[in-house]
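First residue of the sequence shown: 328, per my numbering; consecutive thereafter.
Even glycine gets a Cβ: it sits at the ideal position worked out from N, Cα and C.
Presented below is the structure to which this report refers.
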Amino acid sequence: MNARQTTSGGGVPGTSYAEFLERYPAYAATAEADALRAREFSRLDRLGHVYLDYTGGGLHGESQVRGHAEFLLGTVLGNPHSTNPTSMVATDYVERCRHRILAFFNASPDEYIPVLTANATHALKLVGEGYPFCAGDVLLLSFDNHNSVNGIREYDRIHGAVTKYVPVMPPDMRILDCVLERCLAESPRACNRLFAYPAQSNFSGVQHPLEWIDRAHDAEWDVLLDAAAFVPTNRLDLGCHHPDFVAISFYKMFGYPTGVGALIARREALEKLQRPWFAGGTITVASVQADRHFLAAGAQGFEDGTLNYACLPAVERGLDFLDSIGLDLIHTRVMSLTGWILDHMAAMTHENGRPIVRVYGPADTAMRGATIAFNVYDASGESISHLLVEERANRRNISLRTGCFCNPGAGELALGISREEMMQCLDRSGARMSLDQFRQCIDGKSTGAVRISLGLASNFEDAAAFLRFLGEFRER
Ligand SMILES: Cc1ncc(COP(=O)(O)O)c(C=O)c1O
């Protein structure tokens, strides 16, 4: 607990630290994270930021950056595609980084191989462009996938395969087990079938069961798990669950470095992917005259051009940083705060008794992460534009996110926009449609929501500041 926390209160609901601890006593055991915040993230309080967009991007601790700067100042790294001394040093760090990634996710090197990418999107694209879709094949997507997963449907379309979507059901935004079961059983077995879903929705915070991976495998589907929003505050154990492909971005886990992600792939699943081209770094031999090339085996065959080798040692350091804090501690902390925020959001009403907020997603902390999507309503029940909410948050130096968060499927279902409305609106457009044009044509309905998300540096004061801010919308 820090000084600011003890002074919170003053009668505003949700701002009493004592009441919070009484309701979420497990938070008390995470006190060392308060010391961590003071030591590693003091810039937040010094600059007066309330940072609530960890699903957008994580924050780095000071020691990560210092440690990496010292490393760079004391090391000479060459392009790892050579065999000279500085190149070999860089190659050594690249391989260390791969080992560290596997160890962090408890993935056996006999089973998994990490392909180093620019981000999760790049990892997902490698799967999309390389998966051997043919006519009759199926791509099964959950409705609440990020656009970087939705985009894979364009690859399967090119090859004559079909895309099917499993809906999520408001208000919880979960997928009904029986519906998924039916979708997995529906398609004929003798073809390539890829099921892609997020371990945690970046829209609603819903955590879909990892047990689905085995169920899909039993029904002979390959599984692509988008773990980008899940892994910053939850343990993904690849010794326990065995998806064929996992996509992640490291900046979401620990802020720095940006520009590095991974496709952690089962070795045999990676072999199934066909590369549509070759590039520097991906081949053993290529000939211009003979018009032939041989792809390098394993991860290297998927790593186009030069890796972000100066930053890879910072990934290792970032994973060490997370381990030194403990993902379980981070999880306990953010889920206590999430529970507290959800409790108070549900209880917030205008003086006439109408609710101030409507949350899209689970109302409690069971099987969900620390991401909350919602809209704000006035006393007559009209939704207040998410853009206006953002504008007011900006004035308070609160960083939250608005829109549909690159997750149109969840957005459409949460906001009650039907397929017909979408078709009518999009059919009216020409070759391009701007977001403003879209907003105008989905007239009368909200086209977006507000999202807050917590992470490793979040504390009680962040939650209280947010609840105070929401309280400002209360009409008497
Ligand atoms: C669930 C999910 N998947 C994929 C992505 C894409 O990540 P990136 O932009 O780092 O490639 C995001 C980003 O917010 C995400 O939340």
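Do you know how far the Cα of N477 is from the Cα of L443?
21 angstroms
In whole angstroms, give me the CA-to-CA distance for V550 and N561.
19 angstroms
Just to check my reading of the structure: M675 and L797 have Cβ atoms closer than 8 angstroms, yes? What is that Cβ distance to the nearest angstrom?
6 angstroms
Looking at ligand 1, does it come within less than 7 angstroms of N561, judged from the CB to the closest heavy atom?
no
CA-to-CA distance, S576 to C567, given in whole angstroms
21 angstroms
Is the stretch 376-392 touching the stretch 718-731, taking contact as three or more C-beta pairs under 8 angstroms?
yes
Is the beta carbon of E438 closer than 8 angstroms to that of R594?
yes
Residue span of the alpha helix (DSSP H) that contains L783, given as start and end
Looking at the DSSP string, L783 is not in any alpha helix (DSSP H), and its letter there is neither H nor E.
Using the Cα positions of L453 and A624, report the straight-line distance between them to the nearest angstrom.
15 angstroms
To the nearest angstrom, report how far apart Q627 and D483 are at their CA atoms.
24 angstroms
For S475 and G457, I'd like the C-alpha separation in whole angstroms.
15 angstroms
If you pair each beta-carbon of the stretch 489-500 with each one of the stretch 684-698, do three or more pairs fall below 8 angstroms?
yes
Contact test: T729 Cβ vs ligand 1 heavy atom, cutoff 7 angstroms
no
Kindly list the residues whose CB is nearer than 8 angstroms to the CB of F557, restricted to its own chain and excluding five residues on each side of it in sequence; keep chain order.
P525, A526, Q527, Q534, L563, G696
Close-in-space but distant-in-sequence residues of the same chain around I711 (CB under 8 angstroms, 5 per side omitted)
N702, V703, Y704, D705, F800
Please decide whether A697 counts as near chain C, where near means a Cβ-Cβ distance under 8 angstroms.
As a matter of chain content, chain C is missing from the structure shown, which is built from one protein chain.
D553 and A447: beta carbons closer than 8 angstroms?
yes
For the alpha helix (DSSP H) holding T418, just list the boundary residues, first then last.
412-431
Which of helix, strand or coil DSSP assigns to R331
Note on R331: pLDDT 40, under 50, position unreliable in the model; no value is reported.
Taking the continuous beta strand (DSSP E) assigned at V686, which residues delimit it?
That run of the beta strand (DSSP E) goes 684-687.
So, for Q332: in the same chain, excluding its five sequence neighbours on each side, which residues have a beta-carbon less than 6 angstroms away from its beta-carbon?
Note on Q332: pLDDT 43, under 50, position unreliable in the model; the coordinate value appears next. Within the same chain, Q332 has close Cβ partners Y344, F787, E788.
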